[in-house]
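Here's the structure we're looking at; comments come further down.
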């Protein structure tokens, strides 16, 4: 400490003598190098001032212009074991002086003074070489393009190499007349990443993932925003993304829990102005649908028509998205299950259950006859004790279900072939991949049944994610 104080005092004295000599007509450049610079170097070699605190760096990368003093101070301030310098043809002559002033070995890298692309490439190579180490990127010197390019690269790559620090030699007092920082007022600053201040970049990433329906990825960013900014408003966005993530995964229990927690939070005075409160009524409707779907899965009660609506609508929604993404096998699986659930619900309305239909002899014969009409040329030997998908469809026609009775014979026969082939699907028991046309046939009938159920319970299911805004 005493040594540092003594060195600082010598710098201050040298600066005052320098100013007097310049005022007397001396050459500022020569006088500075002779009277001030040696003392300033001695101070930075012994106790470089670093804000907010000094850190140990394995390596450092610096830009070099035609005034090498700031770069020398940055090298001494970082104290890195290995030092790389980006220089231009114009600043190449100053490399040797940089070595003499700092007393360290330097690895020079020549680039064009406006070649930002090369800076990015060199930064990437540098960071890959020291991927696990604390490193410093110094943006003090060089052309504006060099400093801007290095800073932009540093702050960007910091997301992938968290040990990177962008540094800059600043000063607390600049002498306008001498056009220099007052000697001793310089300090090395470890710059905060502007991308992380206020969480702007994380917010943009979260919103982008949310809009692509990568709700798990969005939730991760929202959680990170809570930690990095301390702003609990992001916790509500996190809850929303988690709700949709669970919903799309058919985890209705978890989705309903998140929805209820979100609504509870939005009712509190502190969050009445939260952006999500603009969509409170939509969220409330979605929460009610999720709660009904959760209860259906817990009880298996097909009398819970709202629950059937919620599950079937979700399955068809997901089937449609998979269909658009050319994922026919999965799209068919969701569509088959939605159709089966909706048919089972219609059977329940008539007081019957697919797993125990309790068919009378007359009904068994009528069902065989109906299956024979749907599958012409195929002999129906017997009716199983538990009705399958095609048999439920046929039995509902026997029971004169108005919607299913209205289906034309030709359409019904085409659909029957698709339903009969269900067990041959790759994700059921077979090796067949459903065609887009087959998927649409199944989904088409399911949508008709869903519309009828919507009229029965007087609910229009809202499955789209609410828009993300602040």
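Numbering (this note's numbering), first residue to last: 2 to 471.
From the three backbone atoms N, C-alpha and C, an ideal C-beta is built for every residue, glycine too.
A quick note: this is a predicted structure, and the numbers were derived from the prediction, not measured.
Contact between the stretch 44-62 and the stretch 124-133 (3+ Cβ pairs under 8 Å): At 8 Å Cβ cutoff, the stretches touch.
Tell me the rounded alpha-carbon separation between residue 468 and residue 317. The residue you call residue 468 lines up with position 467 of the chain shown. The residue you call residue 317 lines up with position 316 of the chain shown. Distance between the alpha carbons of residue 468 and residue 317 is about 21 Å.
Buried or exposed for residue 26, going by 16 or more other Cβ atoms inside 10 Å? In the chain shown, residue 26 corresponds to position 25, counting from 1. Answer is exposed; the Cβ neighbour count stays below 16.
In chain order, what residues of the same chain have a beta carbon less than 7 Å from the beta carbon of residue 98, not counting five sequence neighbours either side? For the purposes of this step, residue 98 is identified with residue 97 of the chain shown, where counting begins at 1. The answer, listed in chain order, is 69.
Using a Cβ-Cβ cutoff of less than 6 Å, which residues in the same chain neighbour residue 216 once the five nearest sequence positions on both sides are dropped? Taking the chain shown and counting its residues from 1, one reaches residue 216 at position 215. Scanning its chain for C-beta atoms nearer than 6 Å, with the 5 sequence neighbours on each side dropped, one finds around residue 216 the residues 242, 245 and 246, in chain order.
Would residue 5 and residue 71 be called neighbours here (beta carbons separated by less than 8 Å)? For this step, residue 5 is matched to residue 4 along the chain shown. For this step, residue 71 is matched to residue 70 along the chain shown. Annotated as distal: residue 5 and residue 71, with beta-carbon spacing of 8 Å or more.
Contacting residues, own chain, Cβ-Cβ under 6 Å from residue 92 (five flanking each side not counted): Against the chain shown, residue 92 aligns to sequence position 91. Excluding sequence neighbours, residue 92 sits near 65, 66 and 67.
Terminal residues of the beta strand (DSSP E) in which residue 171 lies: Along the chain shown, read from residue 1 onward, the residue named residue 171 stands at position 170. Unbroken beta strand (DSSP E) run through residue 171: 165-172.
Leaving aside the five residues before and after residue 1 along the sequence, list all residues of the same chain whose C-beta is less than 8 Å from its C-beta, in chain order. Nothing about residue 1 can be reported from this structure: the residues present for the chain run from 2 to 471 only.
Tell me, to the nearest whole angstrom, how far the beta carbon of residue 360 is from that of residue 384; I am working on the premise that it is less than 8 Å. The residue labelled residue 360 in the question sits at position 359 within the chain shown. The residue labelled residue 384 in the question sits at position 383 within the chain shown. Their Cβ separation, rounded to whole angstroms, is 7 Å, which keeps residue 360 and residue 384 in contact under 8 Å.
Inspect the beta-carbon positions of residue 15 and residue 37 and report whether they are closer than 8 Å. Along the chain shown, one-based indexing puts residue 15 at 14. Along the chain shown, one-based indexing puts residue 37 at 36. Pairing residue 15 with residue 37 gives a Cβ-Cβ distance under 8 Å.
Compare the Cα-Cα distances from residue 350 to each of 403, 370 and 288 and report the closest residue. As a first step, residue 350 must be located in the chain shown, where it is residue number 349. Ranking 403, 370 and 288 by Cα distance to residue 350 puts 403 first.
Please look up how many angstroms separate the CB atoms of residue 156 and residue 167, rounded, as I've assumed it's under 8 Å. Start at 1 with the first residue of the chain shown, and residue 156 comes out as number 155. Start at 1 with the first residue of the chain shown, and residue 167 comes out as number 166. Yes, they are in contact, since the Cβ atoms of residue 156 and residue 167 sit about 6 Å apart, within 8 Å.
Would you list the residues sitting across from residue 137 in a DSSP beta bridge? Within the chain shown, the letter at position 136 stands for residue 137. In DSSP, residue 137 forms a bridge with 61 and 166.
Locate the alpha helix (DSSP H) running through residue 346, then write down its first and last residues. The residue given as residue 346 occupies position 345 in the chain shown. Segment 329-350, the alpha helix (DSSP H) holding residue 346.
Hey, could you find the ends of the beta strand (DSSP E) residue 195 is sitting in? Residue 195 sits at position 194 when you count from the first residue of the chain shown. Here residue 195 belongs to no beta strand (DSSP E), and DSSP marks it neither H nor E.
Cβ distance (whole Å) where residue 189 is taken to contact residue 105 below 8 Å: Taking the first residue of the chain shown as position 1, residue 189 is located at position 188. Taking the first residue of the chain shown as position 1, residue 105 is located at position 104. Residue 189 to residue 105, Cβ: 15 Å. No contact.
First and last residue of the alpha helix (DSSP H) that includes residue 77? As a working note, residue 77 is residue 76 in the chain shown. Boundaries of the alpha helix (DSSP H) around residue 77: 70-79.
Return the CA-CA distance between residue 266 and residue 277, expressed in angstroms with no decimal places. Position 265 of the chain shown holds residue 266. Position 276 of the chain shown holds residue 277. If you take the alpha carbons of residue 266 and residue 277, they lie about 10 Å apart.
Spatial distance of residue 158 from residue 308 (CA atoms): As a first step, residue 158 must be located in the chain shown, where it is residue number 157. As a first step, residue 308 must be located in the chain shown, where it is residue number 307. Inter-residue distance for residue 158 and residue 308 is about 48 Å (C-alpha atoms, whole angstroms).
Cβ neighbour criterion (16 or more within 10 Å) applied to residue 439: The residue labelled residue 439 in the question sits at position 438 within the chain shown. Buried.
So, under 8 Å CB-CB, residue 342 and residue 312 are touching, yes? Tell me the CB distance rounded to an integer number of Å. Along the chain shown, read from residue 1 onward, the residue named residue 342 stands at position 341. Along the chain shown, read from residue 1 onward, the residue named residue 312 stands at position 311. That belief holds up - the Cβ atoms of residue 342 and residue 312 are roughly 6 Å apart, short of 8 Å.
Smallest Cα separation from residue 411: which of 377, 389, 401 and 399? Reading the chain shown from its first residue, position 410 is the one you call residue 411. Closest by alpha carbon: 377.
From the DSSP output, which residues share a beta bridge with residue 374? Sequence index remark: in the chain shown, residue 374 carries index 373 (1-based). Answer is none; residue 374 lacks a bridge partner.
So residue 312 is in the alpha helix (DSSP H); what residue range does that whole segment cover? One-based indexing of the chain shown puts residue 312 at position 311. From DSSP, the alpha helix (DSSP H) with residue 312 extends over 306-325.
For residue 420, which option in 396, 405 and 389 has the closest C-alpha, if you only look at C-alpha atoms? Indexing the chain shown from 1 puts residue 420 at position 419. Of the candidates 396, 405 and 389, the one whose C-alpha sits nearest the C-alpha of residue 420 is 389.
What are the boundary residues of the beta strand (DSSP E) that includes residue 177? As a working mapping, residue 177 is identified with position 176 in the chain shown. Taken as a continuous stretch (DSSP letters only), residue 177 belongs to no beta strand (DSSP E), as it is neither H nor E.
Local Cβ density within 10 Å of residue 250, reported as buried at 16 or more and exposed below that: Walking along the chain shown from the start, residue 250 turns up at place 249. Of the other Cβ atoms in all chains shown, fewer than 16 fall within 10 Å of the Cβ of residue 250; this residue is therefore exposed.
According to DSSP, is residue 110 part of a helix, a strand, or is it coil? Taking the first residue of the chain shown as position 1, residue 110 is located at position 109. In this structure, DSSP gives residue 110 an extended state, which the three-state scheme calls strand.
Cross-strand partners of residue 131 (DSSP beta bridge): The residue you call residue 131 lines up with position 130 of the chain shown. Within the DSSP bridge table, the entry for residue 131 names no partner.
Tell whether a beta-carbon distance below 8 Å holds between residue 346 and residue 306. What you label residue 346 is simply residue 345 of the chain shown in a count that begins at 1. What you label residue 306 is simply residue 305 of the chain shown in a count that begins at 1. Taking 8 Å as the Cβ cut-off, residue 346 and residue 306 qualify as a contacting pair.
Please name the residue in 175, 151, 172 and 173 whose C-alpha comes closest to that of residue 165. Stepping through the chain shown from its first residue, residue 165 is reached at position 164. Ranking 175, 151, 172 and 173 by Cα distance to residue 165 puts 151 first.
Quick check on DSSP: helix, strand or coil for residue 53? Along the chain shown, read from residue 1 onward, the residue named residue 53 stands at position 52. For residue 53, the three-state secondary structure derived from DSSP is coil.
Whole-Å CB distance - residue 116 paired with residue 42, under 8 Å assumed: Reading the chain shown from its first residue, position 115 is the one you call residue 116. Reading the chain shown from its first residue, position 41 is the one you call residue 42. Beta-carbon to beta-carbon, residue 116 and residue 42 are separated by about 31 Å, too far to satisfy the 8 Å threshold.
So what does DSSP say about residue 23, is it helix, strand or coil? Indexing the chain shown from 1 puts residue 23 at position 22. Collapsing the DSSP output to three states places residue 23 in a helix.
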